[in-house]
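In this note's numbering, the protein residues as written are 25 to 236.
Note that CB positions come from ideal geometry on N, CA and C, so glycine has one too.
Everything numeric in this text was worked out from a predicted model, so none of it was measured.
Some notes on the structure that comes next.
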């Protein structure tokens with residue numbers, strides 16, 4: 025079993041690598057590698073797409089690594105490999121991003137990534153820190169997780185999902201903010217599971233043993 029964390033030069037992957045490796049070792053879930061090698065992405069059993077920064081820059085970097093991008097798309101769309109997007113990696117699953125410029129996403133989950141606009145003017149953007157999950161739809165990623173468990177967020181833009189069935193969880197930040205999305209063999213988390221202590225580690229472990 026091989027889990028590939030895709031490195032397309034969009035952020036520091038050290039903490040994510042350590043968290044995934046820790047859970048893979050605890051669960052005897054095979055090897056975890058950070059890779060920019062398209063061949064490794066193509067043969068991996070599970071794929072993780074992180075992302076830090078602005079949507080347009082991440083989209084440009086990902087598509088600029090054409091071999092990696094094509095291998096990832098084929099693995100998910102044709103081979104049905106389990107896929108996890110984290111933070112901007114989740115947002116890239118959208119139809120369109122609206123940060124600075126209108127930018128096409130991968131289009132795996134219908135919806136748009138737009139600026140967070142809390143109804144409470146005292147709430148600051150970016151949405152930064154701990155917030156409580158509200159689970160909207162059951163999913164294997166929530167094994168041992170319940171509404172009220174908290175995870176760690178750092179973001180200024182949110183994923184507005186077109187199909188309510190594909191929004192798995194949200195948080196309240198002056199209105200609903202999507203926290204987890206998913207369909208078929210794909211799942212995405214707006215928060216950073218590697219920074220979310222026991223809850224985040226549990227969800228990483230759930231992904232590593234998920235058999236969609």
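Contact check, residue i vs residue j, beta carbons under 8 Å
i	j	result
residue 139	residue 197	no
residue 110	residue 71	no
residue 79	residue 115	yes
residue 39	residue 219	yes
residue 113	residue 120	no
residue 56	residue 48	yes
residue 210	residue 117	yes
residue 43	residue 232	no
residue 54	residue 26	yes
residue 142	residue 199	yes
residue 134	residue 187	yes
As assigned by DSSP and simplified to three states, the class of residue i
i	result
residue 225	helix
residue 23	The question about residue 23 has no answer here: the residues shown for the chain are numbered 25 through 236.
residue 176	strand
residue 55	strand
residue 31	coil
residue 87	helix
residue 219	helix
residue 105	coil
residue 159	strand
residue 26	strand
residue 118	coil
Host beta strand (DSSP E) of residue i (start-end)
i	result
residue 182	181-185
residue 151	151-156
residue 251	As shown, the chain starts at 25 and ends at 236. That puts residue 251 outside it, with no answer to give.
residue 193	191-196
Nearest neighbour of residue i, chosen from the options [CA to CA]
i	options	result
residue 64	76, 93, 108, 151	93
residue 193	176, 160, 214, 223	160
residue 76	179, 26, 41, 123	179
residue 245	163, 189, 151, 190	Within the shown structure, residues of the chain are numbered from 25 to 236, placing residue 245 beyond reach of any answer.
residue 32	85, 42, 67, 54	85
residue 189	195, 207, 172	207
residue 173	185, 195, 162	195
residue 185	171, 201, 170	201
residue 67	82, 54, 41, 28	28
residue 87	127, 230, 223	127
residue 223	199, 143, 156	156
Whole-number beta carbon distance between residue j and residue i, since they are thought to touch under 8 Å
i	j	result
residue 105	residue 52	Not quite, the Cβ-Cβ distance comes to about 20 Å (not below 8 Å), so this is no contact.
residue 228	residue 217	5 Å
residue 137	residue 123	7 Å
residue 145	residue 158	No, residue 145 and residue 158 are not in contact; Cβ-Cβ is about 22 Å, not under 8 Å.
First through last residue of the alpha helix (DSSP H) which encompasses residue i
i	result
residue 43	38-50
residue 94	90-101
residue 113	112-115
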